[in-house]
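So that you can map any letter, position 9 of the sequence shown is 9 in our numbering, and since no number is skipped, the others follow by simple counting.
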Amino acid sequence: SCRSIGGSLNDHLLTGPKLQADICNIVLNFRRYRYVFTCDIVKMFRQIDVTAEDRCYQQIAWRDDPRKPVTFYQLNTVTYGTRSAPYLAQRVVHQLADDEGSTYPNAAHALLNNVYVDDIAAGRDSEQELSDLKDELVEILSKGCMELSKWATNLPSLLQNENSAS
1 SCRSIGGSLN
11 DHLLTGPKLQ
21 ADICNIVLNF
31 RRYRYVFTCD
41 IVKMFRQIDV
51 TAEDRCYQQI
61 AWRDDPRKPV
71 TFYQLNTVTY
81 GTRSAPYLAQ
91 RVVHQLADDE
101 GSTYPNAAHA
111 LLNNVYVDDI
121 AAGRDSEQEL
131 SDLKDELVEI
141 LSKGCMELSK
151 WATNLPSLLQ
161 NENSAS
């Protein structure tokens, strides 16, 4: 049990400050635009490495057969469900926006204001602006080895490349 010797990993992790954009603001802002999309950052937590010196705290003991010895596995990436995971994920997204914001200003703004957990909800009033934002988001997130999926939009032409690639 996680509490058999006095505490779980989560009991010892700092939560970190709230970096998450307010969901009400995201939804209200989303509804302002004529053209919108939503998408998901693929396996966001699994794309974020934990520093080498902290990996020893993320271990799993596993045994397929009770007659065999226990094998220990070390997790090298942020684990969803840990107390610090939301902060760490948002901190990485914010750092990416800061680092790449001069090259991708619209995407940086969207990362700071339109992300809730691993979902992005954004919009623009022209088809071209929405397409440009989509392209910028794909580019900026690729700098952090992250991909976008689960696209939904009220502008079908925005998804033509995704549909032809699948």
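Each residue gets a CB set at the ideal place from its N, CA and C atoms; glycine is no exception. Being a predicted model, the structure only gives us computed values, none of them experimental.
Nearest to residue i by CA position, among the options, is which residue?
i      : options                           : result
Ile26  : Cys145, Lys150 and Gly123         : Gly123
Pro156 : Asp135, Met146, Cys145 and Ser131 : Ser131
Ser126 : Tyr33, Leu9 and Leu28             : Tyr33
Asn106 : Leu133, Phe72 and Arg31           : Leu133
Ile120 : Glu139, His12, Ala152 and Gln160  : Ala152
Glu136 : Tyr116, Asp49 and Ser102          : Ser102
Lys143 : Gln160, Asp99 and Lys150          : Asp99
Val50  : His12, Ile60 and Val78            : Val78
Any idea if residue i is buried or exposed, counting beta-carbon neighbours within 10 angstroms, 16 or more meaning buried?
i      : result
Pro86  : buried
Ser166 : Its pLDDT being 38, under 50, Ser166 is placed unreliably in this model, and the value from its coordinates should be taken loosely. Label assigned to Ser166: exposed.
Gly7   : exposed
Thr82  : buried
Cys145 : exposed
Roughly how many whole angstroms lie between the Cα atoms of residue i and residue j?
i      : j      : result
Asp118 : Gln47  : 12 Å
Thr15  : Gln58  : 16 Å
Gln20  : Pro69  : 42 Å
Glu139 : His94  : 15 Å
His109 : Leu28  : 16 Å
Glu129 : Arg63  : 53 Å
Ala52  : Tyr116 : 28 Å
Asp65  : Gln160 : 49 Å
Arg31  : Cys39  : 16 Å
Pro17  : Ser84  : 10 Å
Lys150 : Arg67  : 43 Å
Leu9   : Ile60  : 12 Å
Tyr104 : Thr71  : 45 Å
Report yes if the CB atom of residue i is closer than 8 Å to the CB atom of residue j, and no otherwise.
i     : j      : result
Tyr35 : Asn154 : yes
Ala97 : Leu88  : no
Phe37 : Leu141 : no
Ile23 : Leu148 : no
Asn76 : Arg91  : no
Tyr80 : Phe45  : yes
Exercise. Enumerated in chain order, which unbroken segments of the alpha helix (DSSP H) with a length of 4 residues or greater are wholly contained in the stretch 12–52?
Worked result: 23–30
For this session: Identify every run of the alpha helix (DSSP H) within the stretch 118–143, keeping only runs that are complete inside it and at least 4 residues long; order them along the chain.
Result: 127–142
For this session: Starting from the N-terminal side, write out each stretch of the beta strand (DSSP E) that is 3 residues or longer and does not extend beyond the stretch 70–95.
Result: 71–74
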